[in-house]
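Right, one structure below, let's go through it.
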Amino acid sequence: MIRANLKPAVISAVVVVVLSGLLMGVRLDQDGTNLSLVGAGPDVYWKIAIAATFIFFYNLFRDHLARLWQSMPGMPKTPTQLVEASKKPVLRQLFWCFLIALAILWPFISNRGGTDLATLVLIYVMLGLGLNIVVGLAGLLDLGYVGFYAVGAYGYALLAMYFDIGFWTGLISAGLLAALFGFLLGFPVLRLRGDYLAIVTLGFGEIIRILLNNMTWLTNGPNGIGGIPKPTLFGLEFSRKASEGMQSFHDFVGIDYSSEHRVMFLYLLALLLVLITLFVINRLLRMPIGRAWEALREDEIACRALGINPTAVKLSAFTIGASFAGFAGCFFAARQGFISPESFTFIESAIILAIVVLGGMGSQIGVILAAIIMTILPEMAREFNEYRMLLFGLMMVLMMIWRPQGLLPMNRPHLELRT
Amino acid sequence: MAMPESLYYFIQQLLNGLTVGSTYALIAIGYTMVYGIIGMINFAHGEIYMIGSYIAFIVIAALAMFGIESVPLLIFAAFVISMVVTSAYGYSIERVAYRPLRGGNRLIPLISAIGMSIFLQNLVRIAQGSRDIAMPSLITGGIDIGPQDAFHASLSYMQMIIFAVTLVSMVLLTLFISRSRMGRACRACAEDLKMTNLLGINTNGIIALTFVIGAALAAIAGVLLGMYYGVINPYIGFMAGLKAFTAAVLGGIGSIPGAVLGGLLLGVTEAITAGYFSTEYKDVVAFGLLILILLFRPSGILGRPEVEKV
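The structure is reproduced here in structure tokens:
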């Protein structure tokens, strides 16, 4: 058996050397107009050698490894009682209540950095939930979701700059604006098949970014927009000194000013937005429109035969998904106080998509879990900053191979025939 | 009779457009062949093109350091080595990231491909640095079209090489696809993968072959465009991939002549936009064109309309 594997093993080791030898073994060095090569150093050569050896032995003992893997005791199965119990609505509600209570208490038990990070997580949760409608529920692959996020953020920033509107009006307008963009884009393109849709939306995301970069007269180009007004609480500002005609929060409540109040307020605001998003989506899912989304994802031809208008249903999912990106964008702009086209690159779309896929398409708790993982892991792996995106790409591939259904796949109600 | 200046300007834009367009066509063939057979968008294809450019630069720099001055030899070596290495990339990507996922949900391989694209881009960024790398042009000069003393259009030797290499590659590919045994197997796979498999053809091998051919063509485009522009960085693959895919869709995905036509059309449109309106918006126009084509002729210019069956 080993002898049979020898040839593929040697070939794969050679392939590894071919793949990495030139591209990684030497480095292009620019010296004025002169182009020269420098060796990448012994550590890189060692890495290539180790990789080739590993691949060689992996392929050589592939059958043994497979047998070993099978003979290993599997993961301990969750007891059936626990599985049954987790399906009980009461327990599920208790679980959600516990989660929400923990989320509300979080800023009071954590420090400033923790709260800030959690706010970021919540923004991604909101984006993930929004994209989940489009990708997970309606089954439309949208690679330009960040375009709507940008529309929301810039919508609020520009309205605040030119028309001096506040956060709450801005939130609504940004959501509506993003929904309008989703509608206008979706109207022509949603008749296309899945893969075409992916590329057209990707192109749309790029167009938005290029426009933001180049319409300098409106958006200030690559320099971005600063001084975006922060959110207020019923007209109370979270600043040391309130602007004219306004009152600040600490004066109103009668406590000393602390910059932490604003961080906490922003967090709670984000939490509120996420909870509203969750609530709305859950209601929508139980409405005919939500059922139609899922039905369309499962079988478009059957849907058409049943008299569902696919374009209208897809359009609704696309528009609603876009509006949540708009809300998230508006909140993002208000939280940062500064936005530039740099924040809305394709990689951002890929991260949001990865959150949806990692969580398990269609599963909301999965999206939340994935958003936490995807935001916290890079923060923890700061020393690997250089390799962050590399690992991110690798993880996307490996996830698709090992667990294409995601971490917590959605279990939708279904009936089974008993035998 | 002296021809007006504007005409020469137009000819110049047309030539520039056809130059870039023919390289788009080379990359687009990789997309269209893979899509024609397994119906997936190989999102990492643009990165293959970028790797091809890097390998070419590395080979030329290495040979120049060994004191080889002969330009034809440098370019020939760049082509050969770059094609070999990218073919290995094309094969390995298919083997590692796509083959285990075949037959499932269509979104799964696409997401895996996006991950692969991010991975390759960052691999090159880490190995070679993220800054621009420039190479002095190896081939200079050209021929002038029109009056010598006034404004005229010019066709550089580099552009002529691009046309010639593209043409030769296309002819060879067409011969391979239409005449050879393996080419026939490729066409059979595109027609009906399952049936071809039942007839005793190693479909896995054929699929791997399309990835290898696509990667080699992308490498040719990478070498050509790398020498034409003279500047590369690890991020050029993304846009080029996107453009080439647009070209493939424009011409009708799955059709090789369509990919060529789409590539040329896209290149010319871009050049005209850049020449008469503004360089910044040429990408916007390219994607706008894609959306328009998909609206009015979803199967592309030369594509066959697809009938959905239960």
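Each protein sequence line maps, in turn, to chains A and B.
According to my numbering, the first sequence is numbered sequentially starting from 1.
According to my numbering, the second sequence is numbered sequentially starting from 1001.
C-beta: ideal position from N, C-alpha, C; glycine also.
Please read these numbers as outputs of a predicted model, since none were measured by experiment.
Residue i versus chain B: which residues are under 7 angstroms apart at the beta carbon?
i: LEU192 of chain A; result: LEU1294, PRO1298
i: LEU28 of chain A; result: PHE1057, ILE1058, ALA1061, GLN1128, ILE1133
i: PHE392 of chain A; result: ILE1118
i: GLY130 of chain A; result: Neighbours of GLY130 of chain A on chain B: none; closest Cβ ~17 angstroms, over 7 angstroms.
i: SER36 of chain A; result: ALA1061, MET1065
i: MET389 of chain A; result: ILE1118, ASN1122
i: ALA150 of chain A; result: The contacting residues do not exist; ALA150 of chain A stays about 15 angstroms from chain B at best.
Taking the alpha helix (DSSP H) that residue i belongs to, which residues open and close that run?
i: SER259 of chain A; result: 259-286
i: ASP116 of chain A; result: 112-131
i: PHE332 of chain A; result: 310-336
i: SER1117 of chain B; result: 1107-1128
i: PHE1287 of chain B; result: 1282-1296
i: THR1196 of chain B; result: 1193-1198
i: GLY1149 of chain B; result: Here the sequence assigns Asp to residue 1149 of chain B, which means Gly is not the residue at that position. That residue, ASP1149 of chain B, is in no alpha helix (DSSP H); it is neither H nor E in DSSP.
i: ASP142 of chain A; result: It is not in any alpha helix (DSSP H) - ASP142 of chain A carries neither H nor E in the DSSP assignment.
Specify the secondary structure class of residue i as computed by DSSP and reduced to three states.
i: ASP164 of chain A; result: coil
i: ASN223 of chain A; result: helix
i: GLY406 of chain A; result: coil
i: LEU1302 of chain B; result: coil
i: ASN34 of chain A; result: strand
i: ILE228 of chain A; result: coil
i: LEU233 of chain A; result: strand
i: ILE1253 of chain B; result: coil
i: ILE1232 of chain B; result: strand
i: ILE1133 of chain B; result: strand
i: MET400 of chain A; result: helix
i: LYS1309 of chain B; result: Note that LYS1309 of chain B scores 49 on pLDDT, short of 50, meaning its location in the model is unreliable and no value can be drawn from it.
i: GLY203 of chain A; result: helix
i: ASN1042 of chain B; result: coil
i: ASN1204 of chain B; result: helix
i: PRO1100 of chain B; result: helix
i: THR1246 of chain B; result: helix
Going by DSSP, name the residue or residues bridged to residue i.
i: GLY39 of chain A; result: A:VAL26
i: ASP1144 of chain B; result: B:SER1154
i: ALA13 of chain A; result: Paired residue(s): none; ALA13 of chain A is not in a bridge.
i: ILE339 of chain A; result: A:ILE225
Tell me where the beta strand (DSSP E) around residue i begins and ends.
i: LEU137 of chain A; result: Counting along the chain, LEU137 of chain A falls outside any beta strand (DSSP E), and DSSP gives it neither H nor E.
i: ILE1055 of chain B; result: Careful: ILE1055 of chain B lies outside any beta strand (DSSP E), inside the alpha helix (DSSP H) at 1045-1065.
Between residue i and residue j, what straight-line distance do the alpha-carbon atoms span, to the nearest angstrom?
i: GLY1104 of chain B; j: ILE1111 of chain B; result: 12 angstroms
i: LEU171 of chain A; j: VAL1080 of chain B; result: 57 angstroms
i: ASP1144 of chain B; j: PHE1163 of chain B; result: 17 angstroms
i: ALA1025 of chain B; j: ARG209 of chain A; result: 26 angstroms
i: LYS1309 of chain B; j: ILE1038 of chain B; result: Residue placement at LYS1309 of chain B is flagged as unreliable, the pLDDT there being 49, under the threshold of 50; the coordinate-derived value follows with that caveat. Cα to Cα, the separation comes out at about 17 angstroms.
i: MET1001 of chain B; j: THR1023 of chain B; result: Here the model assigns MET1001 of chain B a pLDDT of 49, short of 50, so the residue's position is not dependable, and the following value carries that caveat. Straight-line Cα distance between these residues: approximately 35 angstroms.
i: LEU462 of chain A; j: MET72 of chain A; result: Outside the modelled stretch of chain A, which goes from 1 to 419, sits residue 462 of chain A, for which no answer is possible.
i: PHE204 of chain A; j: ASP1283 of chain B; result: 11 angstroms
i: GLY1252 of chain B; j: PHE1151 of chain B; result: 38 angstroms
i: GLY1146 of chain B; j: ILE1029 of chain B; result: 34 angstroms
i: VAL357 of chain A; j: ALA153 of chain A; result: 24 angstroms
i: MET374 of chain A; j: GLY114 of chain A; result: 15 angstroms
i: PRO310 of chain A; j: ALA295 of chain A; result: 10 angstroms
i: MET1033 of chain B; j: GLY366 of chain A; result: 36 angstroms
i: LEU35 of chain A; j: LEU143 of chain A; result: 37 angstroms
i: LEU398 of chain A; j: ASN1204 of chain B; result: 21 angstroms
i: LEU1172 of chain B; j: PRO378 of chain A; result: 47 angstroms
i: LEU271 of chain A; j: ALA333 of chain A; result: 16 angstroms
i: SER20 of chain A; j: LEU6 of chain A; result: 21 angstroms
Below 8 angstroms on C-beta distance, what does residue i contact in chain A?
i: PRO1100 of chain B; result: ILE401
i: LEU1110 of chain B; result: LEU141, ASP195, ALA198
Would you mind telling me which residues of chain A sit closer than 7 angstroms to residue i, beta carbon to beta carbon, in chain order?
i: LEU1209 of chain B; result: Correct list: empty, because the minimum Cβ distance to chain A is about 16 angstroms.
i: ALA1088 of chain B; result: VAL15, VAL18, LEU19
i: ASN1202 of chain B; result: The premise fails here: ASN1202 of chain B is roughly 15 angstroms from chain A at the closest Cβ pair, so nothing lies under 7 angstroms.
i: ALA1097 of chain B; result: VAL397
i: PRO1136 of chain B; result: THR33
i: VAL1071 of chain B; result: Residues of chain A passing the Cβ test: none, with the nearest at roughly 15 angstroms.
Interface residues of chain B around residue i at Cβ under 8 angstroms?
i: THR277 of chain A; result: Correct list: empty, because the minimum Cβ distance to chain B is about 23 angstroms.
Name the chain B residues whose beta carbon is nearer than 9 angstroms to that of residue i?
i: LEU189 of chain A; result: In the sequence under discussion, the amino acid at residue 189 of chain A is Val, which differs from the Leu named in the question. By Cβ distance, chain B contributes ILE1291, LEU1294, LEU1295.
i: THR319 of chain A; result: By Cβ distance, chain B contributes nothing, its closest Cβ being about 18 angstroms from THR319 of chain A, past 9 angstroms.
i: ILE373 of chain A; result: Within 9 angstroms Cβ-Cβ: nothing; ILE373 of chain A doesn't reach chain B, min ~15 angstroms.
i: ASP43 of chain A; result: Chain B residues near ASP43 of chain A: none, gap ~12 angstroms exceeds 9 angstroms.
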